[in-house]
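*Asks:*
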Amino acid sequence: MEQTLPWVVRELPPPGSLDLWLLRVSDVPIGILDEQVLDATERQRAATLMHAADRTRFTAAHVALRRLLGSYLSLRPEEVHFGRDTCPCCGGPHGRPTVLDADDRLFFSLSHRGDLAVVGTAAAPIGVDVELVPDEDGTADLAAMLHVDEQAELAALSPPARPRALARLWTRKEAYLKGLGTGLGRDPSLDYVGSGRPEGPYPPSGWTLLDVPVDRGYAAAVAVRDELTVAGPLVRRLAGLDLVRHTCDALQTERTPP
């Protein structure tokens, strides 16, 4: 008997493109989050978080990830089983996250901070990152971890302009390192990702790095090991009710103000 899937089945992003999804955790109705789709490891990780807001954000982000990946792979969200690639730094089993026994043309990345969660999918290795813009007092330590040319770019700015610029640099950095599969296991000062200025220096060869438009007070970026044929990132909003019903139909497309 043919199985009827209770959600939209989506086509995999073709080479040269990517899909970006945004969830605002505050849109998720409290107390009715469809968390039964998570596996035991995810539930245990959520339970270790001290603050209720952190647990809600983690759970909402991972439910959203499962529903989105399931819609690409014609799987129910609880049927999505995660694994890890080999770490490029040490050879251990903690590299880029993968979906076990899935189409090898689907790569994904998840990031969540504050009220936002961002998911990116592509036909090539991809990384996404979202961060809160720090205050002026919180920039020095983070800036010291950047490439020397990136530090110089920040130093050339007026102090009030540095927090936003730093958040932009840091999200590009983390997105790239996630795409590599190393995360912060690789020294962030080794690679220049910069601010995207046409005068360079340029980002790592073979990679496309783009800023992602998100809510005010945040910065976000995506890195993909591909040459994109799209003009810029289009962010699709995932409505909060999609995480509490057995459907993914209510996806809206929006361009979020920078």
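Numbering (numbering that gives the first Met the number 0), first residue to last: 0 to 257. Every residue, glycine too, gets a C-beta built ideally from N, C-alpha and C.
What did DSSP end up calling Y191 once you bin it into helix, strand or coil?
*Replies:* Translated into the one-based positions of the sequence shown, residue 191 becomes position 192. Three-state result, Y191: coil.
*Asks:* For R167, which residues from the same chain have a beta carbon less than 8 angstroms from its beta carbon, with the 5 sequence-adjacent residues on both sides left out?
*Replies:* Looking up residue 167 in the sequence shown gives position 168. Cβ within range, chain order: S194, D210, A218, A220.
*Asks:* Please state the DSSP three-state secondary structure of D128.
*Replies:* For this step, residue 128 is matched to residue 129 along the sequence shown. D128: strand per DSSP, three-state reduction.
*Asks:* Kindly examine the ligand MN and report whether one of its heavy atoms sits closer than 7 angstroms to the Cβ of P92.
*Replies:* No copy of the ligand MN appears in this structure; indeed no ligand is present at all.
*Asks:* I'd like to check one pair, G178 with G94: are the Cβ atoms closer than 8 angstroms?
*Replies:* Position 95 of the sequence shown holds residue 94. Position 179 of the sequence shown holds residue 178. No, they are not a contact pair.
*Asks:* Does the Cβ of L68 have 16 or more other Cβ atoms within 10 Å, making it buried, or fewer, making it exposed?
*Replies:* Start at 1 with the first residue of the sequence shown, and residue 68 comes out as number 69. It counts as buried.
*Asks:* What is the residue span of the alpha helix (DSSP H) that G216 lies within?
*Replies:* Working through the sequence shown from its first residue, we reach residue 216 at position 217. Per DSSP, G216 belongs to no alpha helix (DSSP H) and is neither H nor E.
*Asks:* Is there at least one Cβ from chain D nearer than 8 angstroms to V8's Cβ?
*Replies:* Among the chains of the structure shown, chain D does not appear; only one protein chain is present.
*Asks:* How would you label D148, buried or exposed, when you count the other beta carbons within 10 angstroms and need 16 or more for buried?
*Replies:* Position 149 of the sequence shown, counted from the first residue, corresponds to residue 148. By the neighbour-count rule (16 or more Cβ atoms within 10 Å), D148 is not buried but exposed.
*Asks:* Specify, as a first and last residue, the run of the beta strand (DSSP E) that H111 falls within.
*Replies:* Taking the sequence shown and counting its residues from 1, one reaches residue 111 at position 112. Segment 106-112, the beta strand (DSSP E) holding H111.
*Asks:* Does the count of Cβ pairs from the stretch 125-141 and the stretch 160-175 closer than 8 angstroms reach three?
*Replies:* Enough Cβ pairs lie closer than 8 angstroms, so yes.
*Asks:* Is G119 helix, strand or coil when you go by DSSP?
*Replies:* Counting from one through the sequence shown, the residue named residue 119 turns up at place 120. The answer is strand: DSSP assigns G119 an E or B state.
*Asks:* To the nearest angstrom, report how far apart G82 and V229 are at their CA atoms.
*Replies:* Here residue 82 refers to the residue found at position 83 of the sequence shown. Here residue 229 refers to the residue found at position 230 of the sequence shown. Approximately 30 angstroms, taken between the alpha carbons.
*Asks:* Could you check the C-alpha separation between A45 and T55 for me, to the nearest Å?
*Replies:* Taking the first residue of the sequence shown as position 1, residue 45 is located at position 46. Taking the first residue of the sequence shown as position 1, residue 55 is located at position 56. The straight-line gap from Cα to Cα measures roughly 8 angstroms.
*Asks:* CB L74 to CB D102, shorter than 8 angstroms?
*Replies:* Here residue 74 is taken as the residue at index 75 of the sequence shown, counted from 1. Here residue 102 is taken as the residue at index 103 of the sequence shown, counted from 1. No. Outside cutoff.
*Asks:* Using 8 angstroms for Cβ pairs, my map puts P12 next to A116. What's the rounded Cβ distance?
*Replies:* Along the sequence shown, read from residue 1 onward, the residue named residue 12 stands at position 13. Along the sequence shown, read from residue 1 onward, the residue named residue 116 stands at position 117. About 19 angstroms separates the two Cβ atoms, so there is no contact after all.
*Asks:* Under a three-way DSSP split, which group does R95 fall into?
*Replies:* Translated into positions along the sequence shown, residue 95 becomes position 96. R95 falls in the coil class under three-state DSSP.
*Asks:* Identify which residue in P187, L165, R185, D190 has its Cα closest to the Cα of G216.
*Replies:* Working through the sequence shown from its first residue, we reach residue 216 at position 217. Considering only alpha carbons, the answer is L165.
*Asks:* Per DSSP, what kind of secondary structure is G69 in: helix, strand or coil?
*Replies:* By 1-based counting over the sequence shown, the position of residue 69 is 70. It is helical.
*Asks:* Residues in its own chain within less than 8 angstroms of S16 by CB, not counting five upstream and five downstream?
*Replies:* Taking the sequence shown and counting its residues from 1, one reaches residue 16 at position 17. Excluding residues within five positions, the ones whose Cβ falls inside 8 angstroms are A121, A122, L227, T228, V229.
*Asks:* What's the gap between the Cα of R236 and the Cα of P212?
*Replies:* Start at 1 with the first residue of the sequence shown, and residue 236 comes out as number 237. Start at 1 with the first residue of the sequence shown, and residue 212 comes out as number 213. Their Cα atoms are separated by approximately 12 angstroms.
*Asks:* Could you tell me if R254 is buried or exposed, where buried requires 16 or more neighbouring beta carbons within 10 angstroms of its beta carbon?
*Replies:* Here residue 254 refers to the residue found at position 255 when the sequence shown is read from its first residue. Caution applies to R254, whose pLDDT of 36 falls short of 50 and renders its modelled position unreliable; the model cannot decide the point.
*Asks:* According to the Cβ coordinates, are G180 and P87 closer than 8 angstroms?
*Replies:* Numbered from its first residue, the sequence shown carries residue 180 at position 181. Numbered from its first residue, the sequence shown carries residue 87 at position 88. Yes. Within cutoff.
*Asks:* Taking the alpha-carbon positions, what's the A160 to V79 distance?
*Replies:* Counting from one through the sequence shown, the residue named residue 160 turns up at place 161. Counting from one through the sequence shown, the residue named residue 79 turns up at place 80. So the alpha carbons of these two residues sit roughly 42 angstroms apart.
*Asks:* Would you list the one or two residues that DSSP bridges to T207?
*Replies:* Your numbering for residue 207 matches position 208 in the sequence shown. For T207, which the question treats as bridged, DSSP gives the partners V223.
*Asks:* According to the neighbour-count rule (16 or more other Cβ atoms, all chains shown, within 10 Å of its Cβ), is L145 buried or exposed?
*Replies:* Working through the sequence shown from its first residue, we reach residue 145 at position 146. Buried: at least 16 other Cβ atoms inside 10 Å.
*Asks:* Mind checking whether V36 and A59 have CB atoms under 8 angstroms apart?
*Replies:* The count along the sequence shown starts at 1 and reaches residue 36 at position 37. The count along the sequence shown starts at 1 and reaches residue 59 at position 60. No. Outside cutoff.
*Asks:* Tell me, please, which residues DSSP counts as bridged to F81.
*Replies:* To locate residue 81, count along the sequence shown from 1; it is residue 82. F81 pairs with V98.
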